[in-house]
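See below for the structure under consideration.
Protein chains: 2
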Amino acid sequence: MNKYNVARQSVLEAGSLIKNMMQEDIQVDIKSSASDFVTNVDKQVEKFLVDTINNSFPNQNYLTEENTRDFIGLENLWIIDPIDGTTNFVYKKRDFCISLAYYEKGMPVFGLVYDVMNNELFEAKTGNGAFLNGEKLALLDQKRPLSESVISGDVYRPNFFKATPSEIKRQIIAHRFLGSGALEICHVAANMSQAYVFNSLKVWDCAAAVIILTEVGGTFLMGTQVNQLVFDQQGHLFIGAANSLIMKGIETWL
Amino acid sequence: MNKYNVARQSVLEAGSLIKNMMQEDIQVDIKSSASDFVTNVDKQVEKFLVDTINNSFPNQNYLTEENTRDFIGLENLWIIDPIDGTTNFVYKKRDFCISLAYYEKGMPVFGLVYDVMNNELFEAKTGNGAFLNGEKLALLDQKRPLSESVISGDVYRPNFFKATPSEIKRQIIAHRFLGSGALEICHVAANMSQAYVFNSLKVWDCAAAVIILTEVGGTFLMGTQVNQLVFDQQGHLFIGAANSLIMKGIETWL
């Protein structure tokens with residue numbers, strides 16, 4: 114099998130693994146704060162994905178949330194979040210996903226985002242469009258204004274935007290917050306909302322989803338760079354939008 | 114058939130009606146503001162529900178979002194929201210529901226909340242527990258503190274709470290916002306979050322869901338009254354919580 118097929122099959126198998134592990138007790142560890150979790154499931158699922166890829170393709174690089182392997186370099190780079198939306202996984206038992214992306218020398222090759230409990234697989238290969246459960250996603254309207262947009266993410270997070278909640282509310286239709294960056298970016302790609310914003314997103318939260326988003330005409334800002342990932346382990350300002358008109362509107366809030 | 118069975122069957126049929134109408138164009142009318150929609154689907158689905166109930170049980174009272182019948186009195190009162198989460202319906206094509214409740218002389222008899230696209234039916238008869246797709250929901254933990262809670266709703270809405278977003282964030286695990294009050298209250302009942310807050314909820318948004326919530330031990334505040342609906346057409350402060358400990362914590366934000 115080629116890399117794409119191995120990736121796709123292992124993501125689906127990891128979804129089954131998660132569902133099976135949910136029948137047992139989930140052990141929660143605290144990371145940096147009480148709302149920053151990691152579970153035994155995150156760790157085991159990441160190990161399963163890395164081992165499966167490594168068995169088929171040795172000598173790859175990895176950049177992963179649970180740091181199963183050290184991050185060495187950009188050649189043949191697999192970027193993995195075994196569970197994006199761990200709070201949702203622990204508390205809500207839905208609205209979390211597996212995110213897996215493959216980049217070569219910093220350039221996107223393919224991305225997979227699997228909403229396990231909804232059984233929705235978002236996938237894209239660079240240059241071939243994006244798909245949801247095998248159906249091609251439509252290109253996003255490039256003329257849609259901010260005033261016709263639903264914005265998801267932690268919109269009113271303290272010290273994120275200089276614009277006040279009142280100022281932001283006046284400019285948009287509504288805000289929503291699902292709590293999984295990868296899924297919320299994919300939902301922009303699927304035209305369920307028009308932008309996703311977060312003050313501190315990490316590369317494994319968005320590496321796969323931005324491939325899906327840009328394949329349908331969307332755009333993103335990470336840190337200070339447009340349509341370019343930051344390949345490190347830090348959190349960065351992130352805005353993903355259906356078009357640059359909406360992006361520019363959101364940037365005025367900063 | 115008795116009232117419960119007629120209600121349950123007509124809610125499921127209304128779900129099919131909505132799915133069929135989604136294949137056609139949805140016409141959007143603006144109500145009080147650009148983010149306050151009503152569609153042809155809301156109106157037709159409400160008329161279907163009222164007509165179906167009226168055919169089996171004449172001389173009932175109705176209190177409904179689209180005002181198909183005038184609200185006269187509390188005897189044999191059906192409280193209906195044909196689509197709760199109209200913005201989600203129009204923009205996201207999911208995460209909306211049908212809410213139907215039946216009250217006699219102001220006392221709850223039964224409530225049904227149907228998440229159409231997820232095919233999840235929440236239902237409760239007073240005194241008989243609450244069910245999700247036929248499975249009985251567990252009683253909620255009455256000792257769970259606010260610090261172990263996910264809060265949904267428009268938590269940071271301007272001029273809603275006196276507490277700042279920073280103060281609120283420190284006291285909880287996370288906040289989420291789905292955009293359908295009825296569904297978000299049912300999700301508290303199903304232990305997917307621990308409270309739902311909104312500054313201005315109307316009785317048709319919560320009449321069915323609060324029956325489901327209180328059947329599993331939850332509690333709610335509407336306006337100034339605990340566990341008591343306000344039967345009018347105005348918006349009221351609403352807090353629904355898994356227990357009174359969490360409720361009291363949220364009340365300190367007011």
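Which chain is which? The protein sequence lines are A and B, in order. So the first sequence is residues 114 to 367, counted in the working numbering. So the second sequence is residues 114 to 367, counted in the working numbering. Cβ atoms here follow ideal geometry from the backbone N, Cα and C, with glycine treated the same way.
Contact set for B/Val163: own chain, Cβ-Cβ below 8 Å, skip 5 residues either direction: Same-chain partners within the cutoff: Tyr175, Thr177, Thr181, Arg182, Trp191 and Ile193.
Cβ of A/Ser293 within 8 Å of any chain B Cβ: no
Where A/Gln173 falls: helix, strand or coil (DSSP): coil
A/Ser306 - DSSP class collapsed to helix/strand/coil: Coil, per DSSP.
Three-state class that DSSP yields for B/Ser212 in the structure shown: strand
Interface flag, B/Phe290 vs chain A, CB-CB below 8 Å: Taking Cβ atoms only, chain A reaches closer than 8 Å to B/Phe290, which makes this a yes.
Chain A within 8 Å of B/Met360, Cβ atoms only: no
Any 3 or more C-beta pairs closer than 8 Å across the region 304-312 of chain B and the region 249-266 of chain B: By the Cβ rule, the region 304-312 of chain B counts as touching the region 249-266 of chain B, because three or more pairs are nearer than 8 Å.
Boundaries of the alpha helix (DSSP H) in which B/Ala127 is found, first to last residue: Start and end: Lys116 to Met135.
A/Met305, buried or exposed, once every other Cβ within 10 Å from all chains shown has been counted against 16: With 16 or more other Cβ atoms within 10 Å, it is buried.
First and last residue of the uninterrupted beta strand (DSSP E) at A/Arg182: Careful: A/Arg182 lies outside any beta strand (DSSP E) and carries neither H nor E.
Residues bridged to B/Tyr269 (per DSSP): Answer by DSSP bridge pairing: none, since B/Tyr269 is not bridged.
Beta strand (DSSP E) segment containing B/Glu233, residue limits: Glu233 to Lys238
Within 8 Å, strictly: CB atoms of B/Thr337 and A/Ile286: no
8 Å Cβ cutoff, B/Ala302 in contact with chain A: no
Cutoff 6 Å; reference A/Gly219; Cβ partners in own chain excluding five residues on either side: Leu187
Whole-angstrom distance between B/Leu213 and B/Ala120, CA atom to CA atom: Take the alpha-carbon of B/Ala120 and the one of B/Leu213: they are about 8 Å apart.
Cβ of B/Ser279 within 8 Å of any chain A Cβ: yes
Beta bridge counterpart(s) of A/Thr152 as assigned by DSSP: A/Val141
Of the listed residues A/Arg257, A/Lys256 and A/Leu225, nearest to A/Leu245 (C-alpha basis): Looking at the Cα atoms, A/Leu225 is the closest of the given residues.
Rounded Cβ spacing between A/Ala355 and A/Leu253 (contact assumed at less than 8 Å): Yes, A/Ala355 and A/Leu253 are in contact; Cβ-Cβ is about 4 Å, under 8 Å.
Within chain B, partners of A/Pro258 - CB distance below 9 Å: Chain B residues near A/Pro258: none, gap ~12 Å exceeds 9 Å.
Unbroken beta strand (DSSP E) run spanning B/Ala243, endpoints: Ala243 to Leu245
Between the CA atoms of B/Leu367 and B/His349 - distance to the nearest angstrom: 14 Å
Bridge-paired residues (DSSP) for B/Leu334: B/Val339 and B/Ile352
N-terminal and C-terminal residue of the beta strand (DSSP E) that A/Gly362 is part of: Where A/Gly362 is concerned, there is no enclosing beta strand (DSSP E), although the alpha helix (DSSP H) around it starts and stops at Ser357 to Glu364.
Opposing strand residues paired with B/Gly224 [DSSP bridges]: B/Ala214 and B/Ala237
Neighbouring residues, chain B, relative to A/Val263 (Cβ below 8 Å): Thr200, Tyr204 and Lys205
Beta-carbon proximity of A/Phe351 to A/Leu291, cut-off 8 Å: Result no, Cβ atoms of A/Phe351 and A/Leu291 do not sit closer than 8 Å.
Distance between A/Val229 and A/Leu296 (C-alpha atoms, nearest Å): 11 Å
C-beta contact flag for B/Ile281 and B/Phe274 at 8 Å: yes
Interface residues of the region 311-326 of chain B facing chain A [CB-CB below 8 Å]: none
Nearest-angstrom Cα separation, counted from A/Ala303 out to B/Val158: 26 Å
Cβ-based neighbour list, A/Lys206, same chain, cut-off 8 Å, excluding 5 preceding and 5 following: A distance below 8 Å between beta-carbons, with the five flanking residues on each side excluded, links A/Lys206 to the following residues of its chain, in chain order: Met135 and Met230.
Per DSSP, the bridge partner or partners of A/His288: A/Ile264
Candidates B/Ile143, B/Leu358, B/Asp208 and B/Tyr117: closest to B/Ser260 by CA position: B/Leu358
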